[in-house]
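**Student:** This structure is in structure tokens; I'll ask about it shortly.
There are 4 protein chains.
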Amino acid sequence: MRRDTRAPWRVTLGNIIFNNDTPAGRAFDLLLIVLIVASILVVMLDSVRPFQAVYGAALDRAELVLTLLFTLEYLLRLISARRASHYALSFFGIVDVLSILPGYLALLLPGAEALLIVRVLRLMRIFRILKLARYLTEASVLTEAIRASAAKITVFLAAVLSLVTIIGALMYLIEGPDNGYTSIPTSIYWAIVTLTTVGYGDIAPKTPLGKGLASFAMILGYGILAVPTGIVTVSLARAQDRRQRERSCPRCGLEGHDPDARFCKRCGEGMVV
Amino acid sequence: MRRDTRAPWRVTLGNIIFNNDTPAGRAFDLLLIVLIVASILVVMLDSVRPFQAVYGAALDRAELVLTLLFTLEYLLRLISARRASHYALSFFGIVDVLSILPGYLALLLPGAEALLIVRVLRLMRIFRILKLARYLTEASVLTEAIRASAAKITVFLAAVLSLVTIIGALMYLIEGPDNGYTSIPTSIYWAIVTLTTVGYGDIAPKTPLGKGLASFAMILGYGILAVPTGIVTVSLARAQDRRQRERSCPRCGLEGHDPDARFCKRCGEGMVV
Amino acid sequence: MRRDTRAPWRVTLGNIIFNNDTPAGRAFDLLLIVLIVASILVVMLDSVRPFQAVYGAALDRAELVLTLLFTLEYLLRLISARRASHYALSFFGIVDVLSILPGYLALLLPGAEALLIVRVLRLMRIFRILKLARYLTEASVLTEAIRASAAKITVFLAAVLSLVTIIGALMYLIEGPDNGYTSIPTSIYWAIVTLTTVGYGDIAPKTPLGKGLASFAMILGYGILAVPTGIVTVSLARAQDRRQRERSCPRCGLEGHDPDARFCKRCGEGMVV
Amino acid sequence: MRRDTRAPWRVTLGNIIFNNDTPAGRAFDLLLIVLIVASILVVMLDSVRPFQAVYGAALDRAELVLTLLFTLEYLLRLISARRASHYALSFFGIVDVLSILPGYLALLLPGAEALLIVRVLRLMRIFRILKLARYLTEASVLTEAIRASAAKITVFLAAVLSLVTIIGALMYLIEGPDNGYTSIPTSIYWAIVTLTTVGYGDIAPKTPLGKGLASFAMILGYGILAVPTGIVTVSLARAQDRRQRERSCPRCGLEGHDPDARFCKRCGEGMVV
């Protein structure tokens, strides 16, 4: 870690903005959450016609003010971060920019303010504020499990995409444009709607042969649905086992406890399960 | 446990109402179940128009009588309970109150009698009456597994909610009010309907770009569906293993048997698997 | 096992009908399968209007002949079985009766012939004919896993049924008869359609509050879907482990092999995995 | 392996076409992928009416040229393969023929060009080009897991097919042709749509009794959905365990490492997890 070369006021500001150990930091984070929630509500209400007709002007003004406030916050974060570039390129740094841009874009391109909904990602900070380290650990177990099964899932997705393409083309041949299968891409869309068991019913087979192929595709989809579940379950069981075996006693540091150990087996210290 | 200071008649009453070891207690419980089932049927039939047109008055009278009976039962439970407050605040105590209130509320607010359907929760007592300790054990294994995965599921739900918000807003931009996506909240509703694979079809994408994004969302939902299943499966496997390892021999009390042991390994006593 | 007191011709007949080790037995079984398939096709085609209009009389005659043949077969089975009552009360014995009755019932009650479709269950014999002991073993692993999780699934179903009843009643209050929720039973039907992610869309929420509750129910159903999968997966893993540990070497009879052992660890005999 | 008796120019050609270690081989494979993607796009666009109206002639010509090129490629593969019959009967050999035939078929039978979509299977070569041995390993774990559970899944499918047939026939009796259940095959189609939770809504029960049976079928389907998932998960866990136990150290060849070992336990060589 580099030596901290920030001026004292930037360190103080950084502590308020990035930490939440102090009362000031906690107050800042709380205020931020309130503003984000308000901002999401404004964007949502602005899209509901009856509301927009009556409160349109007020909502637009609120949107502008919130965007300006978030811009200010972003600048303050850039200034007070230990390393501005590090923050700017982090997950939250990018989300923070994306949460501001559509506000200015909407001045040029009416309607773009709907993109402000991306601010919902900023709510993820709530986990940090609540100091729920437990949630972060769980999130990382989930992430690890998903990453471990990424290659398997890629192979699986490639197989599913080939399948829906072929089933889609066959249905296009069998049912044809008159029954709603207007083109191969539309038929592929239908195949995805069917194989994922969503089943809108906006397009549905009408000929006996089409119903037969659709039935076959559904039963296939039924079996296929089992595969990603199996992949993730196995990965998750493993990630959790590894995590638990690697967890160390908070007092003596011993690793390699049983998955369900509640006390350190060497020093008897209580441990989080 | 406090000394029991109830008068003898209250003790007798309490044994009839709360226990089911005696013939009187079993008869009381059986009668209660019959009345609850009758009451649920009355509420349901009362909502079916053709029935209501013909038997409306009779159904209303039956409803009133049943509500009065359940009120009497609740008062008797309060009187005869070892500790009235303990009962009143227990799960069944609260359900019992909620099962009476809408009956009186309906006198002021027509239509509120539909809330009487909450009486269905009272049927849970059936498990107690059937003395199916086995079912209670299973229920507690399920509860334990769900509680153990609560943190993981919270993280997962937060991710899903962010996802449907963003997908909803994008579809609102792409499809717009003319294709049924009348507002961002409505679009989020559509995204939930799609990602959970329910797929009513009351709103469905009509533009090629919208169909493309919907296809992407469905395949994503397909993969996402696997995560909670994986979480619960792993938790359940663990809760069951722990439960079985902790189960003790009914004769000698030894713990730590193999998960599938049918006899105590020390004294040979038969054990429930 | 009782001494076999059947006359020699009944023993011979029984070997042809119940066994399939001899050429005669195999020919009988094969003929039977052909007749069953023919009979199912006849029932199906008879329900398709265009077919019925043209070939109705021929199909009816074929149905009658097949029913007479199956009646004859049933009588022969009763006569030649080692113990007639044992066969009559077995799974296939009951299915065989049910496969005949609607044929005669249809003479009194037109339309009842659709019930002849129950003959599809007779096709299960195909597994026996193909001598696929392997399939029977698999079926029994599946059955064992399902039986082991029966209590857990009962608790789960009770919870789900309570849930759909309460959600249904709430939706009846919120949406009301004008939006398709014509009665509480209908609303419960909708709740089941939604929670199981089937989602026909014949009834769908129209008010904002109804859409909100529906969204909540869907996300809940999403999580709930994970529970039976978890239950069955854990049971299946166990049933399979137990089965494999109990499988014995065909030469020396040793049990307790590793789940993936391909050769007996004592005598080296090859084993089915 | 037989001695290679091909003429030198055939060996060189074979190296370019079948290998991708040399720059020439890699260039050939890359060109091929580009042509396949182009060909799939042409087939898709040709099915979209507005495109076809404007660019129909150009698309047809492109299709013909691509088919001729793929025919040439197939002939070159046959000539340069070490064993022509071995290639012709391999998975890719068959796919390659199927990717050409509809192009000629379309000259006789307009519309058959939609079958050219089968070229999507040729894209599978992309995994080979990317040299992602990892993906192939994952694919084989998946394949092994699916093969291991084939017998169980067959039993399960037989049960599901019997179930949908019986439920379909019952619904045909209950709802009848007036409510959309026009024949038993159509009702079976509905039962499949329902049990797989696809739920188009093109056919939906209208009578109370039909809704009751449908509700029962849906809850059943809910439970049934759990079975294939359980089967695949257990198989996958096993296939992966076996694979990992059998994986050998790249330096000393030792087998039997722990599933999560990252280094050979004898010689310390790093290993792929």
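Chains as they are written, first to last, in UniProt numbering: chain L, 1 to 273; chain X, 1 to 273; chain D, 1 to 273; chain V, 1 to 273. Glycine is no exception: its CB is placed at the ideal position from the N, C-alpha and C atoms. Note that the structure is a prediction, hence the values are computed from the model and not measured.
On a Cα-Cα basis, can you pick out the residue from GLU175/D, ILE79/D, SER183/D that is closest to ARG41/X?
**Tutor:** Note on residue identity: the sequence assigns Leu, not Arg, to residue 41/X. Considering only alpha carbons, the answer is SER183/D.
**Student:** From ARG125/V to GLY25/V, what does the alpha carbon distance come to, in whole angstroms?
**Tutor:** Whole-angstrom Cα-Cα distance: 13 Å.
**Student:** With a cut-off of 8 Å, do at least 3 Cβ pairs link the region 77-87 of chain V to the region 61-69 of chain V?
**Tutor:** The answer is no - the region 61-69 of chain V does not touch the region 77-87 of chain V, with fewer than three Cβ pairs under 8 Å.
**Student:** Rounded to whole angstroms, what is the Cα-Cα separation between PHE18/X and VAL155/L?
**Tutor:** Spanning the two alpha carbons is a distance of roughly 59 Å.
**Student:** So if I threshold CB-CB distances at 8 Å, which residues from the region 204-231 of chain X count as touching chain V?
**Tutor:** Those residues of the region 204-231 of chain X that come within reach of chain V (Cβ to Cβ, closer than 8 Å) are THR229.
**Student:** Touching or not, the region 82-93 of chain D and the region 212-229 of chain V, by the rule of three or more beta carbon pairs under 8 Å?
**Tutor:** Touching, no, given that fewer than three Cβ pairs across the two stretches are closer than 8 Å.
**Student:** What's the C-alpha gap between ALA210/X and VAL43/L?
**Tutor:** Residue 210/X is actually Gly in this sequence, not Ala. Spanning the two alpha carbons is a distance of roughly 21 Å.
**Student:** Is any beta-carbon of chain X found at less than 7 Å from that of SER162/D?
**Tutor:** So, interface residue.
**Student:** Verify whether the separation of the beta carbon atoms of VAL198/L and GLY199/X is less than 7 Å.
**Tutor:** Yes, they are a contact pair.
**Student:** Does the beta-carbon of PHE91/X have 16 or more other beta-carbons within 10 angstroms, so that it is buried, or is it exposed?
**Tutor:** The residue is exposed, with fewer than 16 neighbouring Cβ atoms inside 10 Å.
**Student:** Cβ closer than 9 Å: which chain V residues qualify as neighbours of ALA169/L?
**Tutor:** Within 9 Å Cβ-Cβ: VAL43, MET44, SER47, ALA114, LEU115, LEU116, ILE117, VAL118, VAL120.
**Student:** Given that a residue counts as buried once 16 or more other Cβ atoms are within 10 Å of its Cβ, and exposed if not, what is ASP202/D?
**Tutor:** By the neighbour-count rule (16 or more Cβ atoms within 10 Å), ASP202/D is buried.
**Student:** Considering only residues of the region 164-228 of chain L, which uninterrupted alpha helix (DSSP H) runs meet the minimum length of 4 residues and lie entirely inside it, listed in chain order?
**Tutor:** For the region 164-228 of chain L, whole alpha helix (DSSP H) runs of length 4 or above, ordered along the chain, are 184-195, 208-224.
**Student:** What residues in the region 189-201 of chain V bring their beta carbon closer than 9 Å to a beta carbon of chain X?
**Tutor:** Listed by position along the chain: THR197, VAL198, GLY199, TYR200, GLY201.
**Student:** Distance check for LEU163/X and GLN52/V, CA to CA, integer angstroms please.
**Tutor:** Taking the straight line joining both Cα atoms gives about 37 Å.
**Student:** Examine chain L for any beta-carbon lying closer than 7 Å to the beta-carbon of TYR104/X, and answer yes or no.
**Tutor:** So no, TYR104/X is outside the interface.
**Student:** Does VAL11/V have its Cβ less than 7 Å from a Cβ in chain D?
**Tutor:** No, its Cβ sits nowhere closer than 7 Å to a Cβ of chain D.
**Student:** Since ALA114/X contacts LEU173/D with CB under 8 Å, what's their CB separation in whole angstroms?
**Tutor:** Their Cβ separation, rounded to whole angstroms, is 5 Å, which keeps ALA114/X and LEU173/D in contact under 8 Å.
**Student:** Along the alpha helix (DSSP H) that carries VAL37/D, what are the first and last residues, could you check?
**Tutor:** First-last of the alpha helix (DSSP H) with VAL37/D: 23-47.
**Student:** What three-state label does DSSP hand SER140/D in the structure shown?
**Tutor:** In the structure shown, SER140/D sits in a helix (DSSP, three-state: H, G or I).
**Student:** Return the CA-CA distance between TRP190/V and SER47/D, expressed in angstroms with no decimal places.
**Tutor:** One C-alpha to the other measures close to 15 Å.
**Student:** What residues from chain L crowd round ILE79/X, counting only those whose CB sits closer than 7 Å?
**Tutor:** The contacting residues do not exist; ILE79/X stays about 43 Å from chain L at best.
**Student:** When you compare the CB of LEU236/D with every CB in chain V, is at least one pair closer than 7 Å?
**Tutor:** So, interface residue.
**Student:** Just how far apart, CA to CA, sit residue 276/L and GLU73/D?
**Tutor:** Only positions 1 to 273 of chain L appear in the structure, and residue 276/L is not among them; the question remains open.
**Student:** In chain X, which residues lie with their C-beta within 9 Å of the C-beta of THR182/D?
**Tutor:** The answer, in chain order, is SER47, VAL48, ARG49.
**Student:** Find out if the Cβ-Cβ distance for the pair THR233/L, THR196/X is shorter than 7 Å.
**Tutor:** Not a contact, by the Cβ cut-off of 7 Å.
**Student:** Applying a beta-carbon distance threshold of less than 9 Å, which residues of chain L neighbour THR233/X?
**Tutor:** Within 9 Å Cβ-Cβ: THR229, THR233, LEU236, ALA237.
**Student:** Using a beta-carbon distance below 7 Å, is LEU157/V in contact with chain D?
**Tutor:** So no, LEU157/V is outside the interface.
**Student:** Taking 7 Å as the threshold (beta carbon to beta carbon), is THR143/D in contact with chain X?
**Tutor:** No, THR143/D lies away from the interface with chain X (no Cβ there is under 7 Å from its Cβ).
**Student:** Give me the residue from PRO205/L, ASP96/L, ALA159/L with the minimum Cα distance to LEU225/L.
**Tutor:** It is ALA159/L whose Cα lies nearest to the Cα of LEU225/L.
**Student:** Looking only at its own chain, which residues have a Cβ that is under 7 Å from the Cβ of VAL193/D, when we skip the five neighbours before and after it?
**Tutor:** So the qualifying residues of the chain are GLY199, TYR200.
**Student:** From GLY180/X to THR207/X, what distance separates their C-alpha atoms?
**Tutor:** C-alpha separation (whole angstroms): 12 Å.
**Student:** Taking all protein chains shown into account, do 16 or more other C-beta atoms lie within 10 angstroms of the C-beta of SER140/L, making it buried, or fewer, making it exposed?
**Tutor:** With fewer than 16 other Cβ atoms within 10 Å, it is exposed.
**Student:** In three-state DSSP terms, what is ARG242/D?
**Tutor:** Three-state DSSP puts ARG242/D in a helix.
**Student:** In terms of residue numbering, what span does the alpha helix (DSSP H) encompassing ILE16/X cover?
**Tutor:** Its alpha helix (DSSP H) spans residues 8-18.
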